[in-house]
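Number of protein chains: 2
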Amino acid sequence: MTGVTDVPSGAPARIETPRAGDPRLARLSLNQRTTAQWSLPEALDGARAAGLESIGLWREPVADVGLEKAAQLVAASGLRVSSLCRGGFFTAADAGAREAAHTDNLAAIDEAVTLGTDVLVLVPGGLPGGSRDLPGARARAAEAIARLAPYAGERGVRLGIEPMHPIFAADRGVVSSLRQALDIAEEHPAEQVGVVVDTYHLWWEPGVEEQIARAGERIVAYQVCDWITPVPADNLLGRGMMGDGHVDFAAFTRAVAATGYAGDVEVEIFNADVWAQAGEDVVATMARRYAELVEPYL
Amino acid sequence: MTGVTDVPSGAPARIETPRAGDPRLARLSLNQRTTAQWSLPEALDGARAAGLESIGLWREPVADVGLEKAAQLVAASGLRVSSLCRGGFFTAADAGAREAAHTDNLAAIDEAVTLGTDVLVLVPGGLPGGSRDLPGARARAAEAIARLAPYAGERGVRLGIEPMHPIFAADRGVVSSLRQALDIAEEHPAEQVGVVVDTYHLWWEPGVEEQIARAGERIVAYQVCDWITPVPADNLLGRGMMGDGHVDFAAFTRAVAATGYAGDVEVEIFNADVWAQAGEDVVATMARRYAELVEPYL
Numbered sequence: 001m002t003g004v005t006d007v008p009s010g011a012p013a014r015i016e017t018p019r020a021g022d023p024r025l026a027r028l029s030l031n032q033r034t035t036a037q038w039s040l041p042e043a044l045d046g047a048r049a050a051g052l053e054s055i056g057l058w059r060e061p062v063a064d065v066g067l068e069k070a071a072q073l074v075a076a077s078g079l080r081v082s083s084l085c086r087g088g089f090f091t092a093a094d095a096g097a098r099e100a101a102h103t104d105n106l107a108a109i110d111e112a113v114t115l116g117t118d119v120l121v122l123v124p125g126g127l128p129g130g131s132r133d134l135p136g137a138r139a140r141a142a143e144a145i146a147r148l149a150p151y152a153g154e155r156g157v158r159l160g161i162e163p164m165h166p167i168f169a170a171d172r173g174v175v176s177s178l179r180q181a182l183d184i185a186e187e188h189p190a191e192q193v194g195v196v197v198d199t200y201h202l203w204w205e206p207g208v209e210e211q212i213a214r215a216g217e218r219i220v221a222y223q224v225c226d227w228i229t230p231v232p233a234d235n236l237l238g239r240g241m242m243g244d245g246h247v248d249f250a251a252f253t254r255a256v257a258a259t260g261y262a263g264d265v266e267v268e269i270f271n272a273d274v275w276a277q278a279g280e281d282v283v284a285t286m287a288r289r290y291a292e293l294v295e296p297y298l
Numbered sequence: 001m002t003g004v005t006d007v008p009s010g011a012p013a014r015i016e017t018p019r020a021g022d023p024r025l026a027r028l029s030l031n032q033r034t035t036a037q038w039s040l041p042e043a044l045d046g047a048r049a050a051g052l053e054s055i056g057l058w059r060e061p062v063a064d065v066g067l068e069k070a071a072q073l074v075a076a077s078g079l080r081v082s083s084l085c086r087g088g089f090f091t092a093a094d095a096g097a098r099e100a101a102h103t104d105n106l107a108a109i110d111e112a113v114t115l116g117t118d119v120l121v122l123v124p125g126g127l128p129g130g131s132r133d134l135p136g137a138r139a140r141a142a143e144a145i146a147r148l149a150p151y152a153g154e155r156g157v158r159l160g161i162e163p164m165h166p167i168f169a170a171d172r173g174v175v176s177s178l179r180q181a182l183d184i185a186e187e188h189p190a191e192q193v194g195v196v197v198d199t200y201h202l203w204w205e206p207g208v209e210e211q212i213a214r215a216g217e218r219i220v221a222y223q224v225c226d227w228i229t230p231v232p233a234d235n236l237l238g239r240g241m242m243g244d245g246h247v248d249f250a251a252f253t254r255a256v257a258a259t260g261y262a263g264d265v266e267v268e269i270f271n272a273d274v275w276a277q278a279g280e281d282v283v284a285t286m287a288r289r290y291a292e293l294v295e296p297y298l
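Protein chains in written order, with UniProt numbering: chain Z, 1 to 298; chain V, 1 to 298.
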């Protein structure tokens, strides 16, 4: 219809690409990982060129240009920062390693403030090497969050616990469902600890719509991408462009919107095929798919 | 210590292989899929040679020799049949396909009776091609089980709903947690519908020990194997020998035993590296790992 093709699928674009100023783009945020082929300055320029108003930052590419410089670039871009990814990795068996993680998370909170966002995404961490004590690792994650929460509150940053798909329970994230994330978050004031709702991680969860309703004001970030099959050999890179997989974005987005969530919607895609494309094409496909599959249900 | 090595890891055996008559083998069942390199007659012979008293059968290798012939071979072997795998695949969007699935499941119940087992394992099925309606697929699975349950009861066969790891929610099993499986099972008499507790599928589930306690007499099969990382490229083959991965078999087995479960314990491993070994070595490793990691907690 438009003569344009989507990436990485190569399918014909189903709608025109929304342009700068299109109200459908008002809440769309480019998570930096979606265009990992871009440096921070390139991502800022690319997001602005596509008419976006928001970006989700990662600590590593921020560190690549230096925190203060990054903050200047972000401020100059005029973009909002929807979140900073990521703190966490709390589950070490060794007390010294946990202390180091705490210190690093304090720094991440400060970085969020410097960059101008009030959301720090937390990836809990996996089982320590050789350990099979999943309840123990989960307890350590909850304890670390409890220790971190007051400082986040002092700095005006909300911690977002990100439940991760159970495929990652061993090696990345021991918080495996929204229900479990809320059990942890609800021990703390909502202005300190919330949850990240990511369609990729949660689409399979029985009763997830009830859990989203339960989350209410605790949703600090809404991240979208698709669950695609077959799952790639590198499972970490199994995220797909919205519409290329199995997720019902309408149902998910309606449930999130029903909580009153008024924040940005981040598109976060880890996918080698996406990263092999030109960043401009990725952002354009993302904007079309978002405008078609997500935004109408907000 | 014994000069023997485990398969497929190649690690030295940590204990002597239990021999025929060892009481530790009394409840160990060889699920046929663990030695997929063996035909049914080979599996029956291999299990007996290793001193096992039980086997878990699959419909396809049974069909390869013919049902009546298979039943004769099983009876002659003196082995118990701990379960028949598998019925299910209930989620088709097309009513005709669902009717065919129902008919096939009636046949599977009859096959279970003929083979001398009272347990039919049900794999619910995934999303139909192109569908993103996960709640709909789940509802169809529950409806199909409700339709099947009375006939199972008439024939003295218990249906075992197998919750599957969420990695399979799109393409194989839309029942993703023990909690969800029990929500379905509890709509029916316990002598008709129960659940399969499989460590590989459930090890990540928050609160799984409480769900196992809730299951109580509804546990119709306890299957063990390990969750290994990295997950292989073919995710279906990512099951490991007990002890090679991240599962805490002591905690899981204690929880199952606490329900009063007195049935067999099936070792069910889908793994190309395991299938590349001699069946005798697989069964011997299985018996050692089971005697070390599982049986003491029954």
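For every residue, glycine included, the Cβ atom is placed at its ideal position computed from N, Cα and C.
Query raised in the report: Rounded C-beta distance between V/Ala170 and V/Leu127? I'm assuming under 8 Å.
Result: For the purposes of this step, residue 170 of chain V is taken as the residue at position 170 of the second sequence. For the purposes of this step, residue 127 of chain V is taken as the residue at position 127 of the second sequence. Yes, V/Ala170 and V/Leu127 are in contact; Cβ-Cβ is about 5 Å, under 8 Å.
Query - Proximal residues to V/Arg214 (C-beta, below 7 Å), its chain only, five neighbours per side dropped - result: Stepping through the second sequence from its first residue, residue 214 of chain V is reached at position 214. Excluding positions up to five away in sequence, the list reads Leu182.
Query raised in the report: What distance in whole Å lies between the Cβ atoms of Z/Met242 and Z/Arg172, which are believed to be in contact at a cut-off of 8 Å?
Result: Position 172 of the first sequence holds residue 172 of chain Z. Position 242 of the first sequence holds residue 242 of chain Z. With a Cβ gap of about 22 Å, Z/Arg172 and Z/Met242 do not count as contacting.
Query - V/Thr117 beta carbon less than 8 Å from that of V/Ser82 - result: The residue labelled residue 82 of chain V in the question sits at position 82 within the second sequence. The residue labelled residue 117 of chain V in the question sits at position 117 within the second sequence. Result yes, Cβ atoms of V/Ser82 and V/Thr117 sit closer than 8 Å.
**Report entry** Assigned secondary structure, V/Asp183 (DSSP; H/G/I helix, E/B strand, else coil)
**Finding:** Taking the second sequence and counting its residues from 1, the one referred to as residue 183 of chain V is at position 183. Three-state result, V/Asp183: helix.
Query raised in the report: Rounded to a whole number of angstroms, what is the C-alpha to C-alpha distance between V/Glu162 and V/Thr103?
Result: On the second sequence, residue 162 of chain V is found 162 positions in, with the first residue counted as 1. On the second sequence, residue 103 of chain V is found 103 positions in, with the first residue counted as 1. The straight-line gap from Cα to Cα measures roughly 20 Å.
Query raised in the report: If we ignore side chains and look at the alpha-carbon of each, how far apart do Z/Ile212 and Z/Thr114 end up?
Result: Within the first sequence, residue 212 of chain Z is the residue found at index 212, counting from 1. Within the first sequence, residue 114 of chain Z is the residue found at index 114, counting from 1. The straight-line gap from Cα to Cα measures roughly 30 Å.
Query raised in the report: Starting from Z/Asn105 and walking both ways along the beta strand (DSSP E), at which residues does that stretch end?
Result: The sequence position of residue 105 of chain Z within the first sequence is 105, counting from 1. Run containing Z/Asn105: none in the beta strand (DSSP E); it sits in the alpha helix (DSSP H), Ala95 to Leu115.
Report task. Starting from the N-terminal side, write out each stretch of the beta strand (DSSP E) that is 3 residues or longer and does not extend beyond the region 2-62 of chain V. Result -> 28-31 and 54-58
Report task. Identify the contact partners of Z/Asn235 in chain V, using a Cβ-Cβ distance below 7 Å as the criterion. Result -> In the first sequence, counting from the first residue as 1, residue 235 of chain Z sits at position 235. Ordered by position in chain V, the residues that pass the 7 Å Cβ test against Z/Asn235 are Val231.
Requested in this report: Using a Cβ cut-off of 8 Å (strictly closer), state whether Z/Val195 contacts chain V.
Outcome: As a first step, residue 195 of chain Z must be located in the first sequence, where it is residue number 195. It does not: the Cβ of Z/Val195 has no partner Cβ on chain V nearer than 8 Å.
Query raised in the report: How would you label Z/Gln72, buried or exposed, when you count the other beta carbons within 10 angstroms and need 16 or more for buried?
Result: Taking the first residue of the first sequence as 1, we reach residue 72 of chain Z at position 72. Exposed is the call here.
Query raised in the report: What does Z/Asp171 touch in chain V if you count any residue whose Cβ is under 7 Å from its own?
Result: In the first sequence, the residue the question calls residue 171 of chain Z occupies position 171. The contacting residues are Thr229.
Query raised in the report: If contact means a Cβ-Cβ distance below 9 Å, which residues of the region 233-257 of chain Z contact chain V?
Result: Ala233, Asp234, Asn235, Gly245, His246, Val247, Asp248, Phe249, Ala250 and Ala251
Requested in this report: Answer with yes or no whether the minimum CB distance from V/Leu159 to chain Z is below 8 Å.
Outcome: As a working note, residue 159 of chain V is residue 159 in the second sequence. Taking Cβ atoms only, chain Z never reaches closer than 8 Å to V/Leu159, which makes this a no.
Query raised in the report: What does V/Ser177 touch in chain Z if you count any residue whose Cβ is under 7 Å from its own?
Result: Residue numbering aside, residue 177 of chain V sits at position 177 when the second sequence is read from its first letter. Chain Z residues near V/Ser177: Pro206.
Requested in this report: Would you kindly work out how many angstroms separate the C-alpha atoms of Z/Ile228 and Z/Glu280, rounded to a whole number?
Outcome: Numbered from its first residue, the first sequence carries residue 228 of chain Z at position 228. Numbered from its first residue, the first sequence carries residue 280 of chain Z at position 280. Rounded to whole angstroms, Z/Ile228 to Z/Glu280 spans 22 Å at the Cα level.
Requested in this report: Report the rounded CA-to-CA distance for V/Glu205 versus Z/Arg19, giving the unit in angstroms.
Outcome: Indexing the second sequence from 1 puts residue 205 of chain V at position 205. Indexing the first sequence from 1 puts residue 19 of chain Z at position 19. Those two C-alpha atoms are separated by around 44 Å.
Query - Neighbouring residues, chain V, relative to Z/Asp273 (Cβ below 9 Å) - result: On the first sequence, residue 273 of chain Z is found 273 positions in, with the first residue counted as 1. Correct list: empty, because the minimum Cβ distance to chain V is about 15 Å.
Requested in this report: Consider the Cβ of V/Arg198: report whether some Cβ of chain Z lies at a distance smaller than 8 Å.
Outcome: As a working note, residue 198 of chain V is residue 198 in the second sequence. What sits at residue 198 of chain V in the sequence shown is Asp, not Arg. No, V/Asp198 lies away from the interface with chain Z (no Cβ there is under 8 Å from its Cβ).
Query - According to DSSP, residues forming a beta bridge with Z/Val223 - result: Mapped onto the first sequence, residue 223 of chain Z falls at position 223. The sequence given here places Gln at residue 223 of chain Z; Val does not occur at that position. Answer by DSSP bridge pairing, in chain order: Z/Asp198 and Z/Glu266.
Requested in this report: Starting from the Cα of Z/Cys85, find the closest Cα among Z/Ala93, Z/Ala112 and Z/Leu67 and give me that residue.
Outcome: The residue you call residue 85 of chain Z lines up with position 85 of the first sequence. When only C-alpha atoms are compared, the closest one is Z/Ala112.
Query - Buried/exposed call for V/Gly156, threshold 16 Cβ in 10 Å - result: The residue you call residue 156 of chain V lines up with position 156 of the second sequence. Exposed is the call here.
Requested in this report: Would you check if the distance between the CB atom of Z/Leu79 and the CB atom of Z/Pro61 is smaller than 8 Å?
Outcome: Numbered from its first residue, the first sequence carries residue 79 of chain Z at position 79. Numbered from its first residue, the first sequence carries residue 61 of chain Z at position 61. No, these two residues do not count as a Cβ contact at 8 Å.
Requested in this report: Might you give, ordered along the chain, the residues of its own chain that have their beta carbon closer than 8 Å to the beta carbon of Z/Glu68, omitting 5 neighbours on each side?
Outcome: Looking up residue 68 of chain Z in the first sequence gives position 68. Thr114, listed in sequence order.
Query raised in the report: Span of the alpha helix (DSSP H) holding V/Ser83?
Result: Against the second sequence, residue 83 of chain V aligns to sequence position 83. Premise fails: V/Ser83 lies in the beta strand (DSSP E), Arg80 to Gly88, not in any alpha helix (DSSP H).
Query raised in the report: When the Cα atoms are used, what is the spatial distance from Z/Thr285 to Z/Asp6?
Result: Counting from one through the first sequence, the residue named residue 285 of chain Z turns up at place 285. Counting from one through the first sequence, the residue named residue 6 of chain Z turns up at place 6. Taking the straight line from one Cα to the other gives about 5 Å.
Report task. Check each candidate in V/Ala257, V/Cys225 and V/Ser9 and name the one with the smallest Cα separation from V/Leu298. Result -> Residue numbering aside, residue 298 of chain V sits at position 298 when the second sequence is read from its first letter. Selected option, being the one with the closest Cα: V/Ala257.
Query raised in the report: Is the region 245-254 of chain V close to the region 129-136 of chain Z, with three or more CB pairs under 8 Å?
Result: yes
Query raised in the report: Which two residues bound the contiguous alpha helix (DSSP H) that contains Z/Val274?
Result: Taking the first residue of the first sequence as 1, we reach residue 274 of chain Z at position 274. It spans Ala272 to Trp275 - the alpha helix (DSSP H) in which Z/Val274 sits, taken as one unbroken run.
Query raised in the report: Among V/Gln192, V/Cys225 and V/Ala144, which has the Cα closest to the Cα of V/Tyr200?
Result: In the second sequence, residue 200 of chain V corresponds to position 200, counting from 1. Nearest of V/Gln192, V/Cys225 and V/Ala144 to V/Tyr200, Cα basis: V/Cys225.
Query raised in the report: What does V/Asp6 reach in chain Z if we use C-beta pairs closer than 7 Å?
Result: Translated into the one-based positions of the second sequence, residue 6 of chain V becomes position 6. By Cβ distance, chain Z contributes nothing, its closest Cβ being about 17 Å from V/Asp6, past 7 Å.
Query raised in the report: Using the C-alpha atoms, what's the distance from V/Asn235 back to Z/Val231?
Result: In the first sequence, the residue the question calls residue 231 of chain Z occupies position 231. In the second sequence, the residue the question calls residue 235 of chain V occupies position 235. So the two alpha carbons sit approximately 7 Å from each other.
Query raised in the report: Going by beta carbon distance, what residues of the same chain come within less than 7 Å of V/Ala141, once the five residues before and after it are set aside?
Result: Taking the second sequence and counting its residues from 1, one reaches residue 141 of chain V at position 141. If we look at V/Ala141 and ignore the five residues flanking it on each side, its Cβ neighbours are Phe90, Thr91, Pro124, Gly125, Val174 and Val175.
Report task. Using 10 angstroms around the beta-carbon of V/Gly10, count the other beta-carbons present and answer buried if the total reaches 16, otherwise exposed. Result -> Taking the second sequence and counting its residues from 1, the one referred to as residue 10 of chain V is at position 10. Exposed: under 16 other Cβ atoms inside 10 Å.
Query - Neighbouring residues, chain Z, relative to residue 377 of chain V (Cβ below 8 Å) - result: Residue numbering for chain V in the displayed model covers 1 to 298; residue 377 of chain V lies beyond these limits and cannot be assessed.
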